[in-house]
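**Q** Just passing along the structure, written as structure tokens.
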């Protein structure tokens with residue numbers, strides 16, 4: 005049994021994801037298809053890169069993750085096969101895999117080049133359906149990825165700013181707003197090792213601040229700004245029972261500092 | 005073949021549901037996963053309770069329904085396994101199962117306590133992924149639910165107001181707005197047995213009224229307020245070809261009276 | 005293995021699609037269910053007809069496509085089984101199949117009449133769950149469609165305006181806005197055969213115009229209006245890196261002319 009996941013910016017109302025699923029099931033009827041999301045904001049490669057990085061590791065080894073956020077479709081941007089850890093990826097080479105690759109270097113990179121594994125007619129505007137879906141389906145059916153094309157030396161990379169550690173503080177930023185409006189930062193739980201997490205720790209984001217790092221959102225009353233280590237191991241700020249991003253007007257890129265007295 | 009359904013407030017744009025699916029498929033590759041919805045309004049336990057009550061009964065016996073609307077994650081609220089009718093449920097014990105349980109008492113209730121069936125590392129903010137998903141997958145693989153932990157005496161209950169019957173009228177309320185904007189009430193078809201449903205029956209909701217109970221929305225022209233017995237056996241009000249909730253400004257909790265002349 | 009697809013206007017937040025899936029899996033546990041979309045605008049039959057026409061052809065032969073956009077539920081409108089090309093369809097006979105049928109006449113048309121293949125209790129407001137889902141599941145289990153009811157002579161048809169070709173121009177219209185805001189027209193790639201596609205070709209939509217037909221959206225800088233032949237073989241207009249429909253205020257029905265100097 006092979007699993008193929010889909011991460012796209014197609015929107016739930018379009019027929020595009022369904023067309024990809026039809027192509028996949030036409031080639032590999034036994035594939036299990038899982039939607040990661042089709043709600044990546046249109047053409048937002050960084051957003052998709054973070055989503056993939058959050059989701060992919062939870063799938064069984066050998067899962068094939070297809071990411072179609074592809075503003076350059078029809079230009080000479082490459083489409084790649086990448087093996088990262090025990091997971092496989094098919095995506096345009098536009099940086100959408102660079103968050104994953106920053107954490108763990110790919111052990112195989114191939115540029116999709118052999119049209120034997122594509123649809124016979126390839127449009128210039130929908131390579132998700134015409135190239136990526138059939139390639140994923142052939143892989144799910146057991147195709148050796150080396151047959152897909154020549155090796156690629158390096159993935160296109162986006163810049164992923166890291167938090168910087170100082171003696172008495174860590175400076176970072178909000179890198180993601182989740183669906184609850186929680187502010188997810190690039191400060192990780194590892195960076196806090198050995199540091200106090202009680203009320204001596206102060207987290208500042210824009211003009212807002214909160215003391216202490218808690219184990220649960222509900223550790224504080226509704227309406228309180230709390231800091232927790234979230235489910236991806238990153239420091240996040242939440243407004244208990246509310247949407248912090250919307251209520252406080254904070255977006256991706258806002259500075260976050262964790263300081264100790 | 006085992007079916008696992010998911011009902012959450014994660015939103016279609018997040019990676020959270022995908023992470024749960026990855027965990028499930030890692031443990032039980034043959035599971036059939038069905039999304040009930042991920043669009044429960046954030047932390048709206050009552051909304052999720054109604055959804056589950058509407059959806060669960062249509063699934064095959066032994067289906068495992070996982071509901072993750074969990075504002076108390078990381079606190080000492082319990083996570084439970086419940087057997088209600090022929091369906092199985094995994095959910096935080098916060099009332100999300102209390103609508104189902106109000107109609108039919110659970111025949112088994114267990115408090116999840118044995119970490120042998122959880123992920124090895126359990127976060128404090130995402131028990132859907134770390135506890136509920138693996139438990140559901142082990143159940144789908146044949147695990148005896150008695151292994152999950154000790155019996156629980158009683159589910160946490162929310163108050164579900166019932167319509168009150170009087171000699172010439174029934175007083176109730178709107179309990180749900182469906183995706184078409186139809187106003188679904190707590191008056192049931194059974195309450196109407198033996199009563200006239202022609203134009204002697206008058207339904208009043210806020211300042212709006214309509215006469216007669218019809219068999220089809222389209223029994224009246226577009227723009228008409230009609231009362232029908234909906235697909236869950238409850239009286240509902242619809243604005244033909246339009247969205248009644250939005251157009252008339254009616255929400256959950258609005259009073260509804262059905263009266264006979 | 006049988007595939008059943010669902011195209012509805014239920015919205016992702018409702019339990020209606022889940023109820024249909026529960027019914028299907030109760031009858032045919034081995035069915036593979038694929039969501040085309042549940043985000044058809046409420047009761048928008050034409051929108052659903054276009055979606056189905058775009059999606060269905062990509063699925064394996066014998067796939068069963070169920071379309072539930074059914075404002076007339078409970079009235080005497082028929083529910084039909086149609087075989088079009090190698091695909092099968094179950095839908096209310098309200099025009100939702102007429103776009104597909106305009107391109108390729110159905111080779112079998114049956115009016116659903118035998119309640120042996122429906123749920124035992126049929127509501128008057130949700131035939132998707134009570135009639136269409138079980139019929140699809142029985143078909144997926146191998147039922148001969150001739151058992152479903154008597155032949156139907158003709159599908160209800162909606163008017164699908166065609167582009168008109170003149171010596172030096174083609175007059176058409178926007179027939180669909182996709183999820184990126186691209187304006188998809190009823191001018192097809194075939195109509196352009198042998199005509200220049202370089203800057204001698206001018207496309208005008210409302211007060212906006214662009215020259216040349218390109219192979220990729222990204223062939224022009226961000227913010228440029230470009231014409232391409234899209235993935236369904238139709239001329240479309242896109243605003244590079246942006247949402248043309250929203251930014252230019254253009255909707256379905258807007259006139260489009262392609263002219264050659």
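Residue numbers (our numbering), protein chains in the order written: chain P, 5 to 265; chain L, 5 to 265; chain W, 5 to 265. Glycine is no exception: its CB is placed at the ideal position from the N, C-alpha and C atoms.
Is it buried or exposed, residue 149 of chain W, if we count other Cβ atoms within 10 angstroms and call 16 or more buried?
**A** Burial call: buried.
**Q** Excluding the 5 residues preceding and the 5 following residue 38 of chain L in the sequence, name in chain order all residues of the same chain whose CB lies nearer than 7 Å to its CB.
**A** Excluding positions up to five away in sequence, the list reads 7, 9.
**Q** Could you tell me whether the Cβ atoms of residue 260 of chain W and residue 177 of chain W are closer together than 8 Å?
**A** Yes, they are a contact pair.
**Q** According to DSSP, simplified to helix, strand and coil, what is residue 175 of chain W?
**A** Strand at residue 175 of chain W.
**Q** Among P/93, P/72, P/47, P/74, which residue has its Cα nearest to the Cα of residue 60 of chain P?
**A** Measuring from the Cα of residue 60 of chain P, the nearest candidate turns out to be P/93.
**Q** Specify whether the stretch 207 to 214 of chain P and the stretch 72 to 82 of chain L touch according to this definition: at least 3 beta carbon pairs, one from each stretch, less than 8 Å apart.
**A** Counting Cβ pairs under 8 Å, fewer than three are found: no touch.
**Q** Any idea if residue 118 of chain P is buried or exposed, counting beta-carbon neighbours within 10 angstroms, 16 or more meaning buried?
**A** Label assigned to residue 118 of chain P: exposed.
**Q** Please list, in chain order, the chain L residues whose beta carbon lies closer than 7 Å to that of residue 219 of chain P.
**A** Correct list: 78, 128.
**Q** Pull up the DSSP beta-bridge partners for residue 112 of chain L, would you.
**A** DSSP lists L/87 as partners of residue 112 of chain L.
**Q** Relative to the C-alpha of residue 193 of chain L, which residue among L/141, L/182, L/233, L/15 is closest?
**A** Here the closest residue by C-alpha is L/233.
**Q** Relative to the C-alpha of residue 115 of chain L, which candidate in L/153, L/136, L/185, L/162 has its C-alpha closest?
**A** The candidate whose alpha carbon is nearest that of residue 115 of chain L is L/153.
**Q** Does DSSP put residue 2 of chain W in a helix, in a strand, or in coil?
**A** Nothing in the structure corresponds to residue 2 of chain W, since chain W is present only between 5 and 265.
**Q** Going by C-alpha to C-alpha distance, which of P/11, P/86, P/123 sits closest to residue 30 of chain P?
**A** Ranking the options by Cα distance to residue 30 of chain P, first place goes to P/123.
**Q** Which residue marks the beginning of the alpha helix (DSSP H) containing residue 57 of chain P, and which one marks its end?
**A** Its alpha helix (DSSP H) spans residues 49 to 59.
**Q** Residue 282 of chain L and residue 132 of chain W look like a contact to me (Cβ under 8 Å); what is the Cβ gap, rounded to whole Å?
**A** The shown model of chain L, from 5 to 265, leaves out residue 282 of chain L, and the question about it has no answer.
**Q** Check the Cβ-Cβ distances between residue 58 of chain L and every residue of chain W, and say whether any is below 8 Å.
**A** Output row for residue 58 of chain L: interface = yes.
**Q** Could you check which residue in P/20, P/62, P/25 has the C-alpha nearest to that of residue 236 of chain P?
**A** Considering only alpha carbons, the answer is P/62.
**Q** Taking contact to mean 3 or more Cβ pairs, one atom from each stretch, closer than 8 Å, check whether the stretch 77 to 96 of chain W and the stretch 21 to 28 of chain W are in contact.
**A** Touching, no, given that fewer than three Cβ pairs across the two stretches are closer than 8 Å.
**Q** My output table needs one value for residue 264 of chain W: the three-state DSSP class, helix, strand or coil.
**A** If DSSP states are grouped into helix, strand and coil, residue 264 of chain W belongs with the strands.
**Q** Using DSSP with H/G/I as helix, E/B as strand and the rest coil, what is residue 162 of chain L?
**A** It is coil, neither helix nor strand.
**Q** When you compare each of P/121, P/137, P/95 to residue 56 of chain P by their alpha carbons, which one comes out closest?
**A** Checking every option, the nearest Cα to that of residue 56 of chain P belongs to P/95.
**Q** Using the beta-carbon of each residue, which ones in chain P are nearer than 7 Å to residue 14 of chain L?
**A** Here the neighbours are 183.
**Q** How far does the beta strand (DSSP E) with residue 242 of chain P in it reach, from first residue to last?
**A** Its beta strand (DSSP E) spans residues 238 to 243.
**Q** Kindly indicate the opening and closing residues of the beta strand (DSSP E) around residue 187 of chain W.
**A** Residue 187 of chain W -> beta strand (DSSP E) spans 187 to 192.
**Q** By Cβ distance below 8 Å, which residues in the same chain neighbour residue 64 of chain W in space, the five residues on each side in sequence not counted?
**A** Excluding positions up to five away in sequence, the list reads 7.
**Q** From this set, W/207, W/239, W/51, W/201, which residue's C-alpha is nearest residue 103 of chain W's C-alpha?
**A** If we check each option's Cα against that of residue 103 of chain W, W/51 comes out closest.
**Q** Kindly indicate which residue of P/146, P/121, P/144, P/145 has the alpha-carbon position closest to the one of residue 134 of chain P.
**A** Checked all of P/146, P/121, P/144, P/145; the closest Cα to residue 134 of chain P is P/121.
**Q** Exposed or buried, residue 197 of chain W, counting other C-beta atoms within 10 Å across all chains shown (16 or more means buried)?
**A** Residue 197 of chain W is exposed by the Cβ-count criterion.
**Q** Look up residue 208 of chain L in the DSSP assignment and give the residues it is bridged to.
**A** Beta-bridge pairing links residue 208 of chain L to L/213, L/261.
**Q** Between residue 155 of chain L and residue 113 of chain L, which are expected to be in contact by the criterion C-beta below 8 Å, what is the C-beta distance as a whole number of angstroms?
**A** Yes, residue 155 of chain L and residue 113 of chain L are in contact; Cβ-Cβ is about 6 Å, under 8 Å.
**Q** What are the boundary residues of the alpha helix (DSSP H) that includes residue 27 of chain P?
**A** 20 to 31 is the extent of the alpha helix (DSSP H) around residue 27 of chain P.
**Q** Residue 248 of chain P lies in the alpha helix (DSSP H); which residues open and close that run?
**A** Run containing residue 248 of chain P: 248 to 252, per the alpha helix (DSSP H) assignment.
**Q** Mind listing which residues of the stretch 21 to 34 of chain P have their C-beta closer than 7 Å to chain W's C-betas, in chain order?
**A** Answer set for the stretch 21 to 34 of chain P: 22, 23, 25, 26, 27, 29, 30, 33.
**Q** Can you tell me whether residue 231 of chain W is helix, strand or coil according to DSSP?
**A** Strand, per DSSP.
**Q** For residue 17 of chain P, decide whether its Cβ has a neighbour in chain W, counting only Cβ atoms nearer than 8 Å.
**A** Taking Cβ atoms only, chain W reaches closer than 8 Å to residue 17 of chain P, which makes this a yes.
**Q** What is the DSSP secondary structure of residue 167 of chain L, counted as helix, strand or coil?
**A** In the structure shown, residue 167 of chain L sits in coil (DSSP, three-state: anything other than H, G, I, E or B).
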